[in-house]
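*Asks:* My numbering puts the first residue of the sequence shown at -7, with every later residue one more than the last.
There's a structure below that I have some questions on.
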Amino acid sequence: MSRVVTRVALDRYITPPLHELRDDQNITARPGREQWRVSWTLNGDKDYRQSHDTEAAAWRHARNLLDLRPPGTAVGDVLEGGFE
């Protein structure tokens, strides 16, 4: 089965202080540090997300995922948030 990415999104967030973390959060960055998160949908039904320390790393990841979009699909149809 081929891998097809049908959605890619980027967002920025600040890692919460340790005392504000929920039990189900697995944060490895220092509290208060800016992080970039890439989230994507694979084959239309499985969602994933990955955090990055830099914007450049997040964009590199997103560009690689966009290479896996269905043939003939425009970047704007897959990338959320008005980025292109």
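Every residue gets a Cβ at the ideal spot worked out from N, C-alpha and C, and that includes glycine.
Rounded to the nearest angstrom, what separates ALA50 and ASP3 at their Cα positions?
*Replies:* Reading the sequence shown from its first residue, position 58 is the one you call residue 50. Reading the sequence shown from its first residue, position 11 is the one you call residue 3. C-alpha separation (whole angstroms): 9 Å.
*Asks:* Can you tell me whether DSSP reads ASP69 as helix, strand or coil?
*Replies:* The residue labelled residue 69 in the question sits at position 77 within the sequence shown. Three-state DSSP puts ASP69 in a helix.
*Asks:* Measure the C-alpha to C-alpha separation of LYS38 and GLU47 and round it to an integer number of angstroms.
*Replies:* Position 46 of the sequence shown, counting from 1, holds the residue named residue 38. Position 55 of the sequence shown, counting from 1, holds the residue named residue 47. Using only the alpha carbons, I get a separation of about 24 Å.
*Asks:* Cα separation between THR65 and VAL(-4)?
*Replies:* The sequence position of residue 65 within the sequence shown is 73, counting from 1. The sequence position of residue -4 within the sequence shown is 4, counting from 1. Their backbone Cα atoms lie some 11 Å apart in a straight line.
*Asks:* Can you give me the C-alpha to C-alpha distance between THR7 and GLN42, rounded to a whole angstrom?
*Replies:* In the sequence shown, residue 7 corresponds to position 15, counting from 1. In the sequence shown, residue 42 corresponds to position 50, counting from 1. Using only the alpha carbons, I get a separation of about 14 Å.
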